[in-house]
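Protein chains in written order, with this note's numbering: chain A, 80 to 336; chain B, 80 to 336; chain C, 675 to 977; chain D, 675 to 977.
Down below is the structure, laid out as structure tokens.
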Amino acid sequence: MKKSITDFTVLSNTRLSSTQFLLELSSDILLNDVLPGQFVNVKVEDSPQTFLRRPFSIHSVDAKRNVLFLLIKEMGIGSTKLASLQKGSNLNLILPLGNSFSFGNVKKAILIGGGCGVAPLLFLAKKLHEKDIHCDILLGGRSSDDIVEVEEYQKYGTTHITTEDGSLGEKGLVTKHSIFNSNKGWDMVYSCGPEPMMKSVAMYAKQNEIECEVSLENTMACGIGSCLCCVTDTIDGNICVCTEGPVFNIKRLKWQI
Amino acid sequence: MKKSITDFTVLSNTRLSSTQFLLELSSDILLNDVLPGQFVNVKVEDSPQTFLRRPFSIHSVDAKRNVLFLLIKEMGIGSTKLASLQKGSNLNLILPLGNSFSFGNVKKAILIGGGCGVAPLLFLAKKLHEKDIHCDILLGGRSSDDIVEVEEYQKYGTTHITTEDGSLGEKGLVTKHSIFNSNKGWDMVYSCGPEPMMKSVAMYAKQNEIECEVSLENTMACGIGSCLCCVTDTIDGNICVCTEGPVFNIKRLKWQI
Amino acid sequence: MADLNVRIHNLLLKNPVMTASGTFGYGPEFEDFIDIGALGGIVVKGTTLEPRQGNSYPRMAETPAGMLNAVGLQNKGVDYFINSIYPLIQHYNTNIIVNVSGSLVEDYIKVCEKLSALKNIPAIELNISCPNVKEGGMAFGTSCAAAATVTKAVRNVWPKTLIVKLSPNVTNIAEIAKSVEDEGADAVSLINTLLGMAINIDTRKPLLSTVTGGLSGPAIKPVALRMVWQVAKAVKIPVVGMGGISNAKDAIEFLLAGASAIQVGTANFIDPAITISIIKGIEEYLDKNHFSSVYDIIGKLEC
Amino acid sequence: MADLNVRIHNLLLKNPVMTASGTFGYGPEFEDFIDIGALGGIVVKGTTLEPRQGNSYPRMAETPAGMLNAVGLQNKGVDYFINSIYPLIQHYNTNIIVNVSGSLVEDYIKVCEKLSALKNIPAIELNISCPNVKEGGMAFGTSCAAAATVTKAVRNVWPKTLIVKLSPNVTNIAEIAKSVEDEGADAVSLINTLLGMAINIDTRKPLLSTVTGGLSGPAIKPVALRMVWQVAKAVKIPVVGMGGISNAKDAIEFLLAGASAIQVGTANFIDPAITISIIKGIEEYLDKNHFSSVYDIIGKLEC
Ligand SMILES: Cc1cc2nc3c(=O)[nH]c(=O)nc-3n(C[C@H](O)[C@H](O)[C@H](O)COP(=O)(O)OP(=O)(O)OC[C@H]3O[C@@H](n4cnc5c(N)ncnc54)[C@H](O)[C@@H]3O)c2cc1C
Ligand SMILES: Cc1cc2nc3c(=O)[nH]c(=O)nc-3n(C[C@H](O)[C@H](O)[C@H](O)COP(=O)(O)OP(=O)(O)OC[C@H]3O[C@@H](n4cnc5c(N)ncnc54)[C@H](O)[C@@H]3O)c2cc1C
Ligand SMILES: Cc1cc2nc3c(=O)[nH]c(=O)nc-3n(C[C@H](O)[C@H](O)[C@H](O)COP(=O)(O)O)c2cc1C
Ligand SMILES: Cc1cc2nc3c(=O)[nH]c(=O)nc-3n(C[C@H](O)[C@H](O)[C@H](O)COP(=O)(O)O)c2cc1C
Ligand code: FES
Ligand code: FES
Chain A
80 MKKSITDFTV
90 LSNTRLSSTQ
100 FLLELSSDIL
110 LNDVLPGQFV
120 NVKVEDSPQT
130 FLRRPFSIHS
140 VDAKRNVLFL
150 LIKEMGIGST
160 KLASLQKGSN
170 LNLILPLGNS
180 FSFGNVKKAI
190 LIGGGCGVAP
200 LLFLAKKLHE
210 KDIHCDILLG
220 GRSSDDIVEV
230 EEYQKYGTTH
240 ITTEDGSLGE
250 KGLVTKHSIF
260 NSNKGWDMVY
270 SCGPEPMMKS
280 VAMYAKQNEI
290 ECEVSLENTM
300 ACGIGSCLCC
310 VTDTIDGNIC
320 VCTEGPVFNI
330 KRLKWQI
Chain B
80 MKKSITDFTV
90 LSNTRLSSTQ
100 FLLELSSDIL
110 LNDVLPGQFV
120 NVKVEDSPQT
130 FLRRPFSIHS
140 VDAKRNVLFL
150 LIKEMGIGST
160 KLASLQKGSN
170 LNLILPLGNS
180 FSFGNVKKAI
190 LIGGGCGVAP
200 LLFLAKKLHE
210 KDIHCDILLG
220 GRSSDDIVEV
230 EEYQKYGTTH
240 ITTEDGSLGE
250 KGLVTKHSIF
260 NSNKGWDMVY
270 SCGPEPMMKS
280 VAMYAKQNEI
290 ECEVSLENTM
300 ACGIGSCLCC
310 VTDTIDGNIC
320 VCTEGPVFNI
330 KRLKWQI
Chain C
675 MADLNVRIHN
685 LLLKNPVMTA
695 SGTFGYGPEF
705 EDFIDIGALG
715 GIVVKGTTLE
725 PRQGNSYPRM
735 AETPAGMLNA
745 VGLQNKGVDY
755 FINSIYPLIQ
765 HYNTNIIVNV
775 SGSLVEDYIK
785 VCEKLSALKN
795 IPAIELNISC
805 PNVKEGGMAF
815 GTSCAAAATV
825 TKAVRNVWPK
835 TLIVKLSPNV
845 TNIAEIAKSV
855 EDEGADAVSL
865 INTLLGMAIN
875 IDTRKPLLST
885 VTGGLSGPAI
895 KPVALRMVWQ
905 VAKAVKIPVV
915 GMGGISNAKD
925 AIEFLLAGAS
935 AIQVGTANFI
945 DPAITISIIK
955 GIEEYLDKNH
965 FSSVYDIIGK
975 LEC
Chain D
675 MADLNVRIHN
685 LLLKNPVMTA
695 SGTFGYGPEF
705 EDFIDIGALG
715 GIVVKGTTLE
725 PRQGNSYPRM
735 AETPAGMLNA
745 VGLQNKGVDY
755 FINSIYPLIQ
765 HYNTNIIVNV
775 SGSLVEDYIK
785 VCEKLSALKN
795 IPAIELNISC
805 PNVKEGGMAF
815 GTSCAAAATV
825 TKAVRNVWPK
835 TLIVKLSPNV
845 TNIAEIAKSV
855 EDEGADAVSL
865 INTLLGMAIN
875 IDTRKPLLST
885 VTGGLSGPAI
895 KPVALRMVWQ
905 VAKAVKIPVV
915 GMGGISNAKD
925 AIEFLLAGAS
935 AIQVGTANFI
945 DPAITISIIK
955 GIEEYLDKNH
965 FSSVYDIIGK
975 LEC
């Protein structure tokens, strides 16, 4: 799909937790060919301290209504500004950016998301569901406040929850969830979230010889491969997360796992 | 009156012409001692290209309701941003700044304003009226669109109008208005507006040996006399418009008139 | 409609708007957004003799009205450029300029010798001002003698248009400009990034892996404009101006200050189609003010 | 509550926050907004031997995240300061530092001799870096030899704390810092403004009467921070850091980079009470991170 710089209209802005909100966006461009794992680069208007765009994963696409969703966590100035967007306001996006999760030969997958890292997983779950690929979905967070949209995930797979404080689901880190006690026959682990979490997920996958793809969130200037600021160290050297990622097979990364 | 940095609430924002609007502002601080000719320095929020504050004359004070008015013309990024302020929003002001028009011994005055330069004259007219000083008010503009709030001025003095295109009042420049054909016995001319206009007003005053005070609008960084950026050349050398002005007796200025 | 053509030595540009090295990739990255052929020229990524991995991540930090980068000349080397990139972009209907970087004079020479075989590379931009590499780089650009030495060496092997890109991290940029002019540079371009730094107060570590990095974007525009003005007064060869240009107004300021052409860098990151808006804006300005050619404003600042 | 005291040679500051010369008047301008006695120190306006009218209007232009000024050291001269200003401010419960400026070495000497009689002026800041005066000023700050000469001369007549304020418009600021340290400076402060420029494209004239002026504000912060870090590594005397500091986070970055104290300049224009917020913010940061003294963060950048 050709990349474009497009003005979207905010159809709704829904607060999901104390720090997370969901933007529903529409525009003229056709979203049919957007892939799970891809992201957009957002211009934050009226924000004196936000010079560069801000990258956010495509949380979901409603192809029928040609509507795009972003799930955003308030982390700093830009995301907090976006949290105050009103219905009807304008939002300029560059999209679609980056590669996508791969699911060519996958039969049974587990999707593991932590914090706001879950963002791209909903769209992925939906696509897997469309392709009749069975999936387990494991959502983790610090507390119940971090866990949002559980019913949405449940539509596309068996959904499990852990929180560090035990306020929802099992208590503990995602990688300690009881689902890992028995081998569920997954042939793919997809993960997105804080790097330490993804690293333990990657370790699990490696030890169990399951393919594993993770989505990285390196800081970016351009998002289109022209500045070389967003690199990650791989077996092929420094490569751009915004074009050759954000999704990487862990075999390609030089993680010490 | 002690200067302060104060948050005001926008009570109303009224569009008066294609480029001018009126802000009605309230806060806790008492405005009783604000003087005509003084100004405020406004922080323009959410405006990436507006780094410094923007100075605006105090257009009027409603002492009873403790409310302040600013009459603003859209000139650039900051003023245009202010034009979109909603009722209830917050506006941070430093006030009151600068000196004021003097009216100790004045008996009959004429107030001459051009374009948005009229802003401080309404407050002045009101004060003169309170002190039973009779005044003629002459408002000039390029077209009728520039002339606003005529009824307000009429409350405090005999109001005359000129426009360059003749669309309201007499046609021509303010200084060519027929009111100048006969000597009306003014002992003071107050003027505010574009510099060329103020200079011709000053010339008239000088030739007719009438005292004349003008309000200058030099670009300012601090508004409180600490940066020395806003100077004007006077018989006493370079002095700050923000503290020793904005109102100057033309005798003090080194205008070539 | 005003004539937008400008000339930088033998280089004819259909308009004075180019893209700055390191901010526009090789061109294909922008094909979805603009017609590359509409540009006056593109300056491709800094190219070195050997492949370079650049610096480690993190390489970027946002700053007020700007950004710091510490890419460190990551590129796959001149041979890769010649074999794998050039074939993809040589058809562009615009001037393709290669930004040549290095740590040793011999490296610069070798890169230029290799590039001179390419028909559709009418000019190189000699980068003697990269702040993000350990040896060489900026060092060449901060002393007149070193700048002269590398210019002279490259001049011997590069017959086509030679633009030397200057570092702003100097006391007297006009002197450096004159010394490269004396050694045969056909034009100078400026400014490269200002050396800057940012710190994460929570981790108490620098935000860049290299501690310091290059500052670019609107924040540096006033400094860049001043330097372009100073250099344009000091040299006879054309000056290519850049540093924070984000709209047509900025570009026109540089032209008035004496730049014969301008480059757009960081602004491409925020709006990948900004160069086209800038070209249109310059044209509108000329028409509105009844100028028949962009030369009617180049260096026409009144002061 | 953490201990905020810092020491710059013989100068004891109750906290590391001072105001920058030329941005805080003499103090009274801010009395309505803050308790001057809460500050670590104030640096008053650049003071010269003779009264100076400064440059003509316009002297200021807004730029992205910053501003240009061309005030040109307007002041009524050292005698006026002694007779008319000093009596008004000598009671301030803070360190009053006079920023001494000039065009000739002899002028600097005479000003210092006169100031040395004032009991409540414990330090001067020698301004060898003003970009806005024709002769002298910045010229002293852009060569090691000139910087050394003026420092040496002033050191002979000024026994109290001598802070030398450096220009950022140089290739190697650490070298200049070392040369003034060698001549007996008790501390260095940096940075003064970067030389910049802006143009009105409608009139095609510079926005400043002097064409070029000094750039200050957040835009220059990354450059200032880098220079403070470089200088702090190069000298043994304390470093006073400034350039774009607008909040406690910025101030803490400078302390981590090696500044023993900081000055707030342009930010005073936007929020005349910002210094107080910065002091509070530093205190909160220290407490939150369980540091008992500001010295626990000075120069403690990990890299
Ligand atoms: C490909 C990609 C996809 C992303 N998808 C999502 C998403 O779907 N939902 C979502 O909420 N966030 C997502 N992020 C992260 C998001 O881009 C950042 O949270 C956002 O840019 C922060 O901007 P800010 O102005 O709010 O924070 P700032 O004020 O810029 O920074 C606040 C704090 O966040 C840290 N920070 C800033 N950017 C990042 C980053 N990229 N990674 C880690 N820490 C950072 C800063 O260091 C600082 O401590 C994604 C990032 C990338 C690169
Ligand atoms: C003491 C004082 C009182 C003022 N009172 C009023 C008032 O009551 N109502 C009102 O509408 N305006 C008033 N002004 C002018 C007002 O401050 C400017 O119009 C405003 O700052 C422009 O800001 P901006 O961001 O909209 O324009 P910018 O984008 O900053 O500038 C737009 C254009 O306006 C020009 N400009 C900017 N500032 C000034 C200035 N001070 N004088 C002349 N041209 C300028 C610029 O050069 C530029 O061409 C006053 C100015 C001063 C100094
Ligand atoms: C991410 C990045 C990478 C850059 N890489 C190079 C480079 O390889 N060679 C070079 O000469 N300049 C390089 N530059 C400098 C730019 O070409 C330009 O001189 C500078 O950014 C100032 O212009 P701007 O403010 O418009 O970006 C780079 C700049 C950035 C931001
Ligand atoms: C309007 C103005 C006037 C200044 N006058 C002086 C001066 O007289 N002497 C001096 O040493 N520095 C002067 N400076 C420089 C400041 O003290 C400070 O070094 C510089 O502005 C950088 O800090 P900032 O970004 O916090 O403003 C002046 C700066 C401004 C903005
Ligand atoms: S963000 Fe610019 S290359 Fe990836
Ligand atoms: S605006 Fe700063 S002194 Fe007047």
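Glycine residues also receive a C-beta, built at the ideal position from the N, C-alpha and C atoms.
- Apart from the 5 residues on each side of it in sequence, K719 of chain C sits with its Cβ closer than 7 Å to the Cβ of S695, G696, G699, Y700, N749, N773 in its chain, given in chain order.
- By the Cβ criterion, the segment 809-829 of chain C is in contact with the segment 838-851 of chain C, since at least three pairs of Cβ atoms, one from each stretch, lie closer than 8 Å.
- Residue list for ligand 2: B:F118, B:R133, B:P134, B:F135, B:S136, B:I151, B:K152, B:M154, B:G155, B:I156, B:G157, B:S158, B:C195, B:A198, B:E296, B:T298, B:P325 (CB closer than 5 Å to any heavy atom, chain order).
- Checking the 7 Å criterion, the Cβ of C321 of chain A is within range of a heavy atom belonging to ligand 5.
- Interface flag for N843 of chain C against chain D is set, since a Cβ pair is found closer than 8 Å.
- At a cut-off of 8 Å between beta-carbon atoms, T886 of chain C makes no contact with chain A.
- Using a Cβ-Cβ cut-off of 8 Å, R733 of chain D does not count as an interface residue toward chain C, since no Cβ of chain C sits closer than that to its own.
- Unbroken beta strand (DSSP E) runs of no fewer than 3 residues, entirely contained in the segment 161-187 of chain B, are found at 169-176, following chain order.
- For I850 of chain D, the enclosing alpha helix (DSSP H) begins and ends at 847-856.
- Cβ atoms of A906 of chain D and A872 of chain D stay farther apart than 8 Å, at about 32 Å.
- A Cβ of chain B is located within less than 8 Å of the beta carbon of S126 of chain A.
- Not one beta carbon of chain B lies nearer than 8 Å to the beta carbon of N689 of chain D.
- Per DSSP, R221 of chain A lies in no beta strand (DSSP E) and is assigned neither H nor E.
- Collapsing the DSSP output to three states places F704 of chain C in a helix.
- Counting C-beta pairs with one atom in each stretch, the segment 229-244 of chain A and the segment 207-221 of chain A have three or more that are closer than 8 Å, which means they touch.
- Here K719 of chain C carries a strand assignment [DSSP, helix/strand/coil].
- Rounded to the nearest angstrom, the Cβ distance from Y269 of chain A to F180 of chain A is 6 Å, consistent with a contact under 8 Å.
- With the criterion set as a beta carbon lying under 9 Å from some beta carbon of chain D, the members of the segment 708-737 of chain C are A735, T737, in sequence order.
- Closest by C-alpha distance to V113 of chain B, out of B:K122, B:F202, B:A162, is B:F202.
- Using a Cβ distance threshold of 8 Å, G272 of chain A and G177 of chain A do not count as a contacting pair.
- For P896 of chain D, the enclosing alpha helix (DSSP H) has its first and last residue at 895-908.
- Interface with chain D (8 Å Cβ-Cβ cutoff): F130 of chain B is included.
- Uninterrupted beta strand (DSSP E) stretches at least 3 residues long and entirely within the segment 232-310 of chain A occur at 237-242, 267-271, 290-294, given in chain order.
- Residue-level contact check: Q937 of chain C does not touch chain A, since none of the beta carbons of chain A fall below 8 Å from its beta carbon.
- Counting along the chain, the unbroken beta strand (DSSP E) around P134 of chain B starts and ends at 133-136.
- Scanning its chain for C-beta atoms nearer than 6 Å, with the 5 sequence neighbours on each side dropped, one finds around I771 of chain C the residues G715, V717, A797, E799, in chain order.
- Judged by DSSP in its simplified three-state form, T697 of chain D adopts coil rather than helix or strand.
- Within the DSSP bridge table, the entry for E103 of chain A names A:S91, A:F148 as partners.
- Excluding its 5 nearest sequence neighbours in each direction, L929 of chain C has C-beta neighbours in its own chain below 6 Å: I971, I972, listed in chain order.
- Partner residues in the beta bridge of K122 of chain B, as assigned by DSSP, are B:N171.
- Here A893 of chain C is actually not in contact with G858 of chain C; their C-beta atoms are around 34 Å apart, not less than 8 Å.
- DSSP places L207 of chain B in no beta strand (DSSP E) but in the uninterrupted alpha helix (DSSP H) bounded by 198-209.
- A straight-line Cα-Cα distance of about 59 Å links E249 of chain A and L685 of chain D.
- For T98 of chain B, the secondary structure class from DSSP, reduced to helix, strand or coil, is coil.
- Under the 8 Å Cβ criterion, the segment 839-848 of chain C does not count as touching the segment 872-885 of chain C, having fewer than three qualifying pairs.
- The beta-carbon of T940 of chain C is placed no less than 8 Å from the nearest beta-carbon of chain D.
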